[in-house]
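Okay, structure first, notes after.
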Amino acid sequence: MHGEIYASGWMNRLARGFYERDPLDVAPDLLNKLLVVSAGPDRLVARIVEVEAYRGSEDPASHAYRGSTPRNATMFGPPGHLYVYFTYGMHHCANVVCWPPGRAGAVLLRAAAPLSGLEAMRRARAREIGDRELLNGPAKLCKALGLTRQADGIDLVSGASGVWVGDDGVEPPADPAVGVRVGIRNGTELPWRWWVRGDVHVSRPLREIHSSWSASLRA
DNA sequence: CTTTGGATCGTCT
DNA sequence: GACGATCCAAAGG
């Protein structure tokens, strides 16, 4: 057990306006932000190092592509809320909702670096694993932080549920790595995955796409 | 190191 | 009835 302590200890909760934008803009801005989950006596903190953008009706890979359903309803609500879904009969994945109410969009939280509450995370994972494997995948992240379908709809901006995203002054990478999204069947060519280049906590090493042409694929 | 297949059930067609 | 915005263990190079 050797978790680092995040630099200064202070952090600001992100405001509604941060989320009320195009997921393509929110996603890279979330890199290096802090995900905070209050779990009873434990305060779990992790630095986001990998994300993917999903653009609702304009994105064939998005759960919201074909409109609102009971499952994805949160994505159609106000920005700054948590969208948690259940998949493969056993896994949960967490997103932050973007864009104004009525327009579905989200950023999937794919990986993070654990900063605090590592023992609680390890307990939740119920496996003997190192720090780097605690949060290096969207379903692993949810398992370690205790995020289930019950957390769907939580308002990250108020922080009233003990779950929020904070800024401790560490800037997003000026030149993040960009690549295609993982595990989808449609929209596989869209370079809408971002990660902190070289960070050992990412879910897995995939090919980077050169940034010059990724900007042209906003449809 | 990479590849492959099984697990497992809520959701939508 | 089919299929996941995944993970893991086992097998192969």
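Here numbering that gives the first Met the number 0 is used: the first residue of the first sequence is 0, the next is one more, and so on.
For every residue, glycine included, the Cβ atom is placed at its ideal position computed from N, Cα and C.
Setting aside the 5 residues that flank it on each side, residue 113 is surrounded in the same chain by 2, 45, 120, 130, 133 and 134, each with a C-beta closer than 7 Å to its C-beta; the list follows chain order.
The criterion of a C-beta distance shorter than 8 Å is not satisfied by residue 152 and residue 11. Counting along the chain, residue 50 sits inside no alpha helix (DSSP H); it lies in the beta strand (DSSP E) bounded by residues 41-53. Among the bridge pairs identified by DSSP, residue 166 is matched with 11. The DSSP-derived three-state label of residue 86 is strand.
Annotation: residue 41 to residue 116 spans about 6 Å, alpha carbon to alpha carbon.
Apart from the 5 residues on each side of it in sequence, residue 107 sits with its Cβ closer than 7 Å to the Cβ of 50, 51, 53, 92, 94 and 137 in its chain, given in chain order.
Counting other Cβ atoms within 10 Å of its Cβ, residue 83 reaches 16 or more and is therefore classed as buried. Within the same chain, Cβ atoms closer than 7 Å to the Cβ of residue 142 are found at 123 and 124, the five residues on either side in sequence being excluded. Only buried fits residue 74, as 16 or more other CB atoms lie within 10 angstroms of its CB. Annotation note: the segment 74-159 contains the following uninterrupted beta strand (DSSP E) runs of length 3 or greater, listed N- to C-terminal: 81-86, 90-96 and 105-115.
Residue 118 and residue 179 have their alpha carbons spaced roughly 33 Å apart. Excluding the 5 residues flanking it on each side, residue 60 has same chain C-beta neighbours closer than 6 Å at 183, 185 and 186, in chain order. Residue 68 and residue 103 have their alpha carbons spaced roughly 12 Å apart.
For the pair residue 39 and residue 209, the Cα-to-Cα distance works out to about 44 Å. For residue 34, the enclosing beta strand (DSSP E) begins and ends at 33-38. Secondary structure of residue 177 (DSSP, three-state): strand. In the DSSP annotation of this structure, the continuous segment of the alpha helix (DSSP H) that includes residue 27 starts and ends at 22-29. In this structure, 110 is the residue among 110, 140 and 29 with its C-alpha nearest to the C-alpha of residue 199. Contact annotation, residue 23 with residue 79: C-beta distance approximately 17 Å; criterion of less than 8 Å not satisfied. Just so you know, the alpha carbons of residue 149 and residue 203 end up roughly 28 Å apart.
No residue range can be given for residue 206, since it is assigned to no beta strand (DSSP E) and is classified by DSSP as neither H nor E.
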